[in-house]
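Chemist: One structure is given below, represented as C-alpha cells, and several questions about it will come after.
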Amino acid sequence: MKFIFSSTMTAAFLAAAAMLSHATSDAQSRYDARFIDYPTYSGDDLELTVDNSGTHFRLWSPEAQDARVNIYDNGHTGSPSLVLTMHHDAATGTWTASVPEKLYGKFYTFQIKWNGEWKNETPGVWAKAVGVNGKRGAIIDLAKTDPEGWDNDKGPVVNNFSDVIVYEMHHRDMSMHPSSGIANKGKFLALTEAGTSSPLGEKTGIDHLKELGVTHVHILPSYDYNSVDETNLQDNTYNWGYDPQNYNSPEGSYSTNPSDPATRVKEMKKMVKALHDAGIGVIMDVVYNHTAENDGSNFELTAPGYYHRHWDDGRYSDASGCGNETASDLRQMQEYIINSTKYWADEYHIDGFRFDLMAIHDTETMNKVAQELKKINPSIFVYGEGWTAGDSPLAIEKRALKENVSKMDGIAVFSDDLRDAVKGHYTDAKDRGFATGKPGNEETVKIGIVAATPHPQVDYSKGNNSKFAYAKSPEMIVNYVSCHDDLTLTDKLRKSMEGEPEENMIDAAKLAQTIVFTSQGTPFMFAGEEIFRDKQGVHNSYKSPDSINAINWENKSKYRELFDYYKELIALRKAHPAFRMTSAEDIARHLVFDKIDSTKTPNLISYSLKDNANGDSWKEIKVVFNGASHPQTVTVPKGKWMIVAKDGKMAHDGSLGASAGGKMTLAPYSALILARQ
Ligand code: CA
14 MKFIFSSTMT
24 AAFLAAAAML
34 SHATSDAQSR
44 YDARFIDYPT
54 YSGDDLELTV
64 DNSGTHFRLW
74 SPEAQDARVN
84 IYDNGHTGSP
94 SLVLTMHHDA
104 ATGTWTASVP
114 EKLYGKFYTF
124 QIKWNGEWKN
134 ETPGVWAKAV
144 GVNGKRGAII
154 DLAKTDPEGW
164 DNDKGPVVNN
174 FSDVIVYEMH
184 HRDMSMHPSS
194 GIANKGKFLA
204 LTEAGTSSPL
214 GEKTGIDHLK
224 ELGVTHVHIL
234 PSYDYNSVDE
244 TNLQDNTYNW
254 GYDPQNYNSP
264 EGSYSTNPSD
274 PATRVKEMKK
284 MVKALHDAGI
294 GVIMDVVYNH
304 TAENDGSNFE
314 LTAPGYYHRH
324 WDDGRYSDAS
334 GCGNETASDL
344 RQMQEYIINS
354 TKYWADEYHI
364 DGFRFDLMAI
374 HDTETMNKVA
384 QELKKINPSI
394 FVYGEGWTAG
404 DSPLAIEKRA
414 LKENVSKMDG
424 IAVFSDDLRD
434 AVKGHYTDAK
444 DRGFATGKPG
454 NEETVKIGIV
464 AATPHPQVDY
474 SKGNNSKFAY
484 AKSPEMIVNY
494 VSCHDDLTLT
504 DKLRKSMEGE
514 PEENMIDAAK
524 LAQTIVFTSQ
534 GTPFMFAGEE
544 IFRDKQGVHN
554 SYKSPDSINA
564 INWENKSKYR
574 ELFDYYKELI
584 ALRKAHPAFR
594 MTSAEDIARH
604 LVFDKIDSTK
614 TPNLISYSLK
624 DNANGDSWKE
634 IKVVFNGASH
644 PQTVTVPKGK
654 WMIVAKDGKM
664 AHDGSLGASA
674 GGKMTLAPYS
684 ALILARQ
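For the sequence shown, this note's numbering begins at 14 and goes up steadily by one.
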C-alpha cells in the first residue's frame, strides 16, 4: 500500500467509528442493504468460456436493462467487427450470448444499459487475458500458455507456516540497475535468468535468492494495474502497482510484449516455474480491497453500486484511503475474491497470497479464502495487513483486523508491534527503537518474540501497539522490521542514528534482523536489506524512478559481510526448529525469559529456548539482545556453550568457539546466541 496506518491509528478510527455508530451491526450501510437480496451466480463460466460448441459469454449484472458484447480484431483500437445482443436470466442476474466459432485471437468488451443509458465498455471483472492497457478482454487458449514441464511443476511443500522465510520484492527493484547483469530488466523473465552477476562477480537475481536461502518471494502486485502506460514502455515508468484494474490477468509492463495477450501469461508462468525449480515459492500481493478508479472501474461498469461499499447517503466509503473500498460482505464480491485467488493458485501455481489492507475484508471471507485455497494446496500461505487506512461501514467485529486474527484459522497478520519497537516508529524518521538505544520498548519486543501469543512472562498492558495476546498460534504472525512501505531499514538507521559511524548502523541492522529471525512466527524481509539497500531517504517510493528504487548490486561486494550474516541467520533458523515453534503452548513452555529490570538496565532482553524446543537438536539456546549504545553484561549459567552469535558475528557450526558461561559482555547494538547439547 502506498501509505499505511498502524493499528494504533486504526484503533483511533475504530473508536471514532463506534462513537458515530456508523458501523451498523449487520455490516451493510442503508445504501448497500438493498444488495443483500440480489440474485447471485456461482457458476465457473462467468464472462468467457470457449469449448467445442463455440465461444460463450455470461455477464453478471442484475440491474442492467440491456447488455451486449463487442467483438474486436484488435486489443485497443478500431471499431467492433461484431456486436452480440445478450439475453437476460433473471434468476441468476446474468446475461448470456454465444457464437458457434472459437474466437481465439479476438478481443471483447461488455456494455450494459443502466438507468436508460449505455455505460462505457469494460472487459468485465473476469478477463484472464487482456489487450494492451487492459481495456479489452482477449480470447486466448490458456492451455497453450503453459511452459514446458508445467504439469509437474510444484512449489515447496510447507509443513508449518513458521518454516516460511519471506523475501518481499518488486520486479523492477531486483533487476533494473545496470549492475544486476540481468538481460530482461524489469520483466517477469528477470527471475528466469540463471548465472547472472554484478560487475564485481557477485551473484544477482534468482542465484542471489538461492544463495541467501529464503523459502518464498513475495512479489509486489503483478496483476494488471492501472498506472503504467503499457503502450509507451520506453518511458520506463515505475509504480508499486497498488492500483488494480484487471485482477485476473498479469500486468503488461512486466512482459516483453504487452500488446500480445498471451505473452504476459506465458512469461509470468515461466517466472513461477524458474522459482519453483530453484525450490522457492511465489507469493502474490493481492489488492482486492479497492479499485484504481471509482465510477470507471470494471466493477462499476458491470454491476453499478454493487461491488463497492457506500455510506448511508450513497457516497463511496474509503477505508483504503484510495477513494473507495470493496464489499467482501456481499456474496458476489466474497465469491469473487475466493474464486480469483483460486484461479491464480490453479492456473499460475501461486504458493501464497498477501492481502493488502486485509481488514477491509470481513473475517468470514478471509476464512473461506484460506479454506478453499488449502483444498487446492495445503502449502499455500495466506497473510495480510490487519488494518485499514480509514473508517469503513463494515462493523469492527467483522473486520479482518490484526486484533481479530484468532478468529481466522490459517491466516497470519503482520506484527507492527515488533516492527515499531525494534527500529523506532515509522511515522517519525528520527525516532529510535530497542535496537538503536531507545529505552521503553522491551515489553513490545517481547510481544514480537512470542509472536503475540499468551505468555506468562509477557505483560501485554505495557505493549506500545497491542494490549492483549491477539494470536492464538505463532503461525498467525509475520514478524518484520521493514517492507516496501516507509523508510528502508538502512534509511531508517541513517536518519535515526545520524552522526554515528556507519559501522554502528550495520551493527544495529544485524541486531534488528537477528530479533526478527530468531522470533517465533514467520520472518519477513524486504529485498536488498541484506546488502544495506537504501532508497535515498524516500519513504513513499511508489512512483519514484528506478534511480531511487532499483537495488545497486555493487552493494553486495561493499557489504558482503552483512550479506554473509543474513545468510547465516537464515541458515540458523532453517537448521533449528526451536525458532519455529508451532503452538502457543509450546512457546509458553519452552521459551523462558531471564528476569531483567528494564527500568534499571534498558535495551537488554535475554531468554532461553529450553528442553530441545520443537524437537531441536540443541537442548538449550540462550538468546540475548543488547540494543544499547554501550556494552552490557549478562550472567549465563555455567556450562559448555557453543558460541553461535557474538559481537556482530554469526556461525552455527562451532567455528566461533566455546564459552563456559558466567559473566558475558555484549558489544553495543549486538546479539549473543549460545547453544548447548
Ligand atoms: Ca496495466
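The beta carbon of each residue, even a glycine, is placed where N, CA and C say it ideally should be. From a predicted model like this one, the values you see are computed outputs, not experimental measurements.
Taking only heavy atoms of ligand 1 into account, decide whether any of them is closer than 7 Å to the Cβ of Val300.
Modeler: Indexing the sequence shown from 1 puts residue 300 at position 287. No, the Cβ of Val300 stays beyond 7 Å of every heavy atom of ligand 1.
Chemist: From His468 to Ser419, what distance separates their C-alpha atoms?
Modeler: Numbered from its first residue, the sequence shown carries residue 468 at position 455. Numbered from its first residue, the sequence shown carries residue 419 at position 406. Taking the straight line from one Cα to the other gives about 15 Å.
Chemist: Comparing alpha-carbon positions, which option in Lys216, Val145 and Ser175 lies nearest Asn565?
Modeler: Position 552 of the sequence shown, counted from the first residue, corresponds to residue 565. Per the Cα distances, Lys216.
Chemist: What does the Cβ neighbour count give for Gly292, buried or exposed, with the cut at 16 atoms within 10 Å?
Modeler: Residue numbering aside, residue 292 sits at position 279 when the sequence shown is read from its first letter. Looking at its Cβ environment, which holds fewer than 16 other Cβ atoms inside 10 Å, Gly292 is exposed.
Chemist: Report buried or exposed for Lys635, applying the criterion of at least 16 other Cβ atoms within 10 angstroms of its Cβ.
Modeler: For the purposes of this step, residue 635 is taken as residue 622 along the sequence shown, with counting starting at 1. By the neighbour-count rule (16 or more Cβ atoms within 10 Å), Lys635 is buried.
Chemist: So for Pro257, helix, strand or coil by DSSP?
Modeler: Position 244 of the sequence shown, counted from the start, is the residue given in the question as residue 257. Looking at Pro257 - three-state DSSP - the assignment turns out to be strand.
Chemist: By how many angstroms is the C-alpha of Leu414 removed from the C-alpha of Asp45?
Modeler: Counting from 1 along the sequence shown, the entry for residue 45 is found at position 32. Counting from 1 along the sequence shown, the entry for residue 414 is found at position 401. Those two C-alpha atoms are separated by around 22 Å.
Chemist: With a threshold of 16 other CB atoms inside 10 Å of the CB of Asp441, please say whether the residue is buried or exposed.
Modeler: Along the sequence shown, read from residue 1 onward, the residue named residue 441 stands at position 428. Asp441 should be labelled exposed.
Chemist: Check whether the stretch 669–681 and the stretch 651–661 are in contact - that is, three or more C-beta pairs closer than 8 Å.
Modeler: These segments touch.
Chemist: Going by CA-CA distance only, name the one from Gly118, Tyr117, Leu95 and Ala80 that's closest to Asp102.
Modeler: As a working mapping, residue 102 is identified with position 89 in the sequence shown. The candidate whose alpha carbon is nearest that of Asp102 is Ala80.
Chemist: Among the residues of its own chain, which have a CB less than 8 Å from the CB of Ser34, if the five just before and after it don't count?
Modeler: As a first step, residue 34 is located in the sequence shown; it is residue number 21 there, counting from the start. Note that Ser34 scores a pLDDT of 37, beneath 50, so its modelled location is shaky and nothing firm can be said.
Chemist: What is the residue span of the alpha helix (DSSP H) that Thr98 lies within?
Modeler: For the purposes of this step, residue 98 is taken as the residue at position 85 of the sequence shown. Premise fails: Thr98 lies in the beta strand (DSSP E), Leu95 to Thr98, not in any alpha helix (DSSP H).
Chemist: If you run the structure through DSSP and keep just helix, strand and coil, what is Ala142?
Modeler: Translated into the one-based positions of the sequence shown, residue 142 becomes position 129. Three-state result, Ala142: coil.
Chemist: Restricting to Cα atoms, I'd like to know which of Met99, Lys571 and Thr135 is closest to Asp308.
Modeler: Reading the sequence shown from its first residue, position 295 is the one you call residue 308. It is Thr135 whose Cα lies nearest to the Cα of Asp308.
Chemist: Any contact of the stretch 116–126 with the stretch 246–266, i.e. 3+ C-beta pairs under 8 Å?
Modeler: No contact exists between the stretch 116–126 and the stretch 246–266.
Chemist: Are there 16 or more other CB atoms within 10 angstroms of the CB of Leu95, so buried, or fewer, so exposed?
Modeler: Here residue 95 corresponds to residue number 82 of the sequence shown, with the count starting at 1. Burial call: exposed.
Chemist: Leaving aside the five residues before and after Ala358 along the sequence, list all residues of the same chain whose C-beta is less than 7 Å from its C-beta, in chain order.
Modeler: By 1-based counting over the sequence shown, the position of residue 358 is 345. Cβ within range, chain order: Leu386, Ile389, Asn390 and Ile393.
Chemist: For Arg445, does the count of other Cβ atoms within 10 angstroms reach 16, so buried, or fall short, so exposed?
Modeler: Start at 1 with the first residue of the sequence shown, and residue 445 comes out as number 432. With 16 or more Cβ atoms within 10 Å of its Cβ, Arg445 is classed as buried.
Chemist: Sort Arg344, Asn302 and Asp64 by Cα distance to Leu370 and report the nearest one.
Modeler: On the sequence shown, residue 370 is found 357 positions in, with the first residue counted as 1. With distances taken between Cα atoms, Leu370 lies closest to Asn302.
Chemist: Beta-carbon separation of Met594 and Asn627 under 8 Å?
Modeler: Indexing the sequence shown from 1 puts residue 594 at position 581. Indexing the sequence shown from 1 puts residue 627 at position 614. Against a cut-off of 8 Å, the Cβ pair of Asn627 and Met594 comes out as a contact.
Chemist: What runs of the beta strand (DSSP E), each 3 residues or longer, lie entirely inside the stretch 304–390?
Modeler: Here the runs fully enclosed are 365–368.
Chemist: What separation, rounded to the nearest whole angstrom, lies between the Cα atoms of Asn478 and Ala434?
Modeler: In the sequence shown, the residue the question calls residue 478 occupies position 465. In the sequence shown, the residue the question calls residue 434 occupies position 421. The straight-line gap from Cα to Cα measures roughly 9 Å.
Chemist: Could you tell me whether any non-hydrogen atom of ligand 1 is closer than 7 Å to the CB of Asn146?
Modeler: Indexing the sequence shown from 1 puts residue 146 at position 133. True, at least one ligand heavy atom lies under 7 Å from that Cβ.
Chemist: Measuring CB atoms only, is the stretch 131–148 touching the stretch 54–64, in the sense that at least three cross pairs come out at less than 8 Å?
Modeler: In short, these stretches touch, since the Cβ pair count reaches three.
Chemist: Hey, Ala464 and Pro487: beta-carbon distance below 8 Å or not?
Modeler: As a position in the sequence shown, residue 464 is number 451, starting the count at 1. As a position in the sequence shown, residue 487 is number 474, starting the count at 1. Their beta carbons are under 8 Å apart, which means Ala464 touches Pro487 by this criterion.
Chemist: For a quick check, are the C-beta atoms of His643 and Pro590 less than 8 Å apart?
Modeler: Residue numbering aside, residue 643 sits at position 630 when the sequence shown is read from its first letter. Residue numbering aside, residue 590 sits at position 577 when the sequence shown is read from its first letter. No; because the gap between Cβ atoms is not below 8 Å, this pair is not in contact.
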